[in-house]
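Student: Just passing along the structure, written as structure tokens.
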Amino acid sequence: MNSSIICLIIAFVFAIVILAQEEWRVPDPPENVRCKTNGDSATLWWDPPASVNEILVRGYTVSYGIGTPSQKVIIEGANTNAFTINGLKPNTTYVFVLTAYNEAVGEDSEKVLLTATTEAKKSSNRIFKLHPPTNIRGKALSPSEIEIRWTDPNLNYENMVEPRFRKRIYIRLLRRKAKHHSCIYLRYGIHKSTIFEKISSRSQQIAISGLQPGAEYEIAVKVVMSDGLESAWSIRELINTPTEDSALRSFQLNTTCNFEFSMCGFESALDAPLKWIRIHPAANEQRLSRHMDGGDYYMVLQSSPSNDDRYGRLLSKFYYYKNGSSICINMKIFVPQNSYGVFTVSIFAENGDMFAHNQILFIAYLEKIQKEHWQTISLDVKSPGKFKLIIEVRKKEDKDFSVALDDINVFSGSCAIEKNAVPRLLAQYLGKS
């Protein structure tokens, strides 16, 4: 028997089977439907209808979606009993609908419905591995505050990270003897202690305050992606905070705050009704223009409609300079149109009464300062030793105001002559006698 005869026989048998199956109604539904998922796909298995040898089945349909089965796939062949759907979202519940079909009126069988949840995506499956931060360095800003900076080497490989995973949180580790806090991210404390504090940051720089004077701190940094992927800890860095006495004797530190990464120890006075806020130009209705030397962020104080909200105060951290030494305090100010009020800069010593015995350095009416233009206020001062800076704006009658500040600097020596300084004819400079 040659091969052509064998083929004819097989075709004849197959035709007999097809003729034995009827198509006068739709098929029965598939049976024993199962589903298995991973992070981005789902596989369905099933058995053909029990009546597959009597009622013709030409194939199956699989519909799926989140909440409702909005997408549909047609699978030809009665003997097909499995199908994999790719491109699903991780950690998401899907609805699946399976039917059998033929060409009878109605076509599809009754629906078999089931739900399944895809697995959470595992970070170990990603080809990108996070590298720990490098070039960790810190410096003491005062006996109780340090600044930490580092470099993120992963920024050089940005094209290897999926866009939705690019948000980073930088975590620093220090050890100290203090009350334990059960936060999630940053831990810090005195070197060789076993008790930790925790904080986090989204930039590559941060100032940490409230530290112990004269203590050695251990610092380490790690990167945490928004989906939980973490780098290893960086190599540790040690930094010492100066003691109070050594700071008053010799800790002469030039400080600059442009508010780009933090408040630098400045805070809005809690007992003042109006509050200073750190803001980005895009979020400010006044749309204050950037000055030549500044960046994006600055501090803003705005009046309120209430006549009871008369003033706002911005307080600095403590500065340490030798008693009687010459220091310069300067800052940039921006006053929008139609602003009325009194702007005051003063300092107070640690042992003084904060608001009753402070030394006024500068006072000016906002309506007399040039509007819509960043200007510099430079103040030559004799240091009282350990002091804080107070910047206050007070409402004038029932008129409104808005004021922005940026680039607040304190350093040893005399102030340089500024081209864009607020003219002395428009303000009282009372800093140095």
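Letter by letter, the sequence shown follows residues -20 to -1, 1 to 413 of mature numbering (1 follows the signal peptide of the UniProt record, and there is no 0). Just so you know, even glycine gets a beta-carbon here, dropped at the ideal spot from N, CA and C. As the structure is a computational prediction, the values presented were derived from the model and not from experiment.
#1: Going by C-alpha to C-alpha distance, which of H111, V325, K366 and N18 sits closest to L68?
#2: Please return the same chain residues whose Cβ sits closer than 6 angstroms to the Cβ of T114, not counting the five positions on each side in sequence.
#3: Going by beta carbon distance, what residues of the same chain come within less than 6 angstroms of A62, once the five residues before and after it are set aside?
#4: Work out the CA separation of S43 and P29 for me, nearest whole Å.
#5: Tell me which residue opens and which closes the beta strand (DSSP E) that Q282 is part of.
#6: Distance, Cα to Cα, I65 vs E210?
#7: Could you tell me which uninterrupted beta strand (DSSP E) segments, each at least 3 residues in length, are contained entirely in the stretch 58 to 131, listed from first to last along the chain?
#8: Would you mind sorting R167 into buried or exposed? The rule is 16 or more other CB atoms within 10 Å of its CB.
#9: Look at the Cβ atom of E11, then the Cβ atom of G39, and state whether they are nearer than 8 angstroms.
#10: Pull up the distance between the alpha-carbon of A195 and that of N238, whole angstroms please.
#11: Out of D386, A22, L93 and V402, state which residue places its alpha-carbon closest to the alpha-carbon of F241.
#12: Only counting the same chain, and skipping five residues up and downstream in sequence, which positions put a Cβ closer than 6 angstroms to that of A84?
#13: Give every residue of the same chain whose Cβ lies closer than 8 angstroms to the Cβ of K351, excluding the five residues on either side of it in the sequence, and list them in chain order.
#14: Please go through the same chain and pick out, in chain order, the residues whose beta-carbon is closer than 7 angstroms to the beta-carbon of S305, but skip the five residues on each side of it.
#15: Any idea which residues DSSP pairs M311 with across the strands?
#16: Flag this pair as yes or no: are the beta carbons of I219 and G118 separated by less than 8 angstroms?
#17: Closest to M205 by CA distance: which of P193, S180, L341 and A187 is it?
#18: Does the distance from the C-beta atom of L295 to that of I327 stay below 8 angstroms?
#19: Closest to L94 by C-alpha separation, out of E198, V13, S21 and K297, would be which residue?
#20: In whole angstroms, give me the CA-to-CA distance for S214 and I126.
#21: Count the other CB atoms, across all protein chains shown, that sit within 10 Å of the CB of P403; report buried if there are 16 or more and exposed otherwise.
#22: Please state the DSSP three-state secondary structure of K368.
#23: Tell me the residue span of the beta strand (DSSP E) that contains K52.
#24: What does L135 pair with, by DSSP beta-bridge criteria?
#25: In chain order, what residues of the same chain lie with their CB nearer than 8 angstroms to the CB of T60, ignoring the 5 residues before and after it?
#26: When you compare the stretch 299 to 313 with the stretch 340 to 360, are there three or more beta-carbon pairs, one atom per stretch, that lie closer than 8 angstroms?
#27: Could you check where the beta strand (DSSP E) with D27 kicks off and where it finishes?
#28: Taking all protein chains shown into account, do 16 or more other C-beta atoms lie within 10 angstroms of the C-beta of P222, making it buried, or fewer, making it exposed?
#29: Using 10 angstroms around the beta-carbon of S183, count the other beta-carbons present and answer buried if the total reaches 16, otherwise exposed.
#30: Assign G47 to buried or exposed, taking buried as 16 or more other Cβ atoms, counted over all protein chains shown, within 10 Å of its Cβ.
#31: Below 8 angstroms on the Cβ atoms is my guess for K399 versus Y300; work out the distance and round it to an integer in Å.
#32: Could you check where the beta strand (DSSP E) with M243 kicks off and where it finishes?
Tutor: Here's the rundown:
#1: N18
#2: T131 and P133
#3: W25
#4: 18 angstroms
#5: Y278 to Q282
#6: 30 angstroms
#7: 62 to 66, 73 to 81, 92 to 97, 114 to 122 and 125 to 131
#8: Low confidence applies here, because R167 scores a pLDDT of 48, under 50, leaving its location unreliable; read the following figure in that light. Taking every protein chain shown into account, the CB of R167 has 16 or more other CB atoms within 10 angstroms, so this residue is buried.
#9: no
#10: Their Cα atoms are separated by approximately 28 angstroms.
#11: D386
#12: Here the set comprises E3, R5 and V6.
#13: V315, P316, Q317 and S319
#14: S363 and S392
#15: I357
#16: Against a cut-off of 8 angstroms, the Cβ pair of G118 and I219 comes out as a contact.
#17: S180
#18: A distance of 8 angstroms or more separates the beta carbons of L295 and I327.
#19: V13
#20: 18 angstroms
#21: exposed
#22: strand
#23: Q51 to E56
#24: Per DSSP, L135 has no beta bridge partner at all.
#25: G39 and Y40
#26: yes
#27: S21 to D27
#28: buried
#29: exposed
#30: exposed
#31: 31 angstroms between Cβ atoms; not a contact.
#32: Here M243 belongs to no beta strand (DSSP E), and DSSP marks it neither H nor E.
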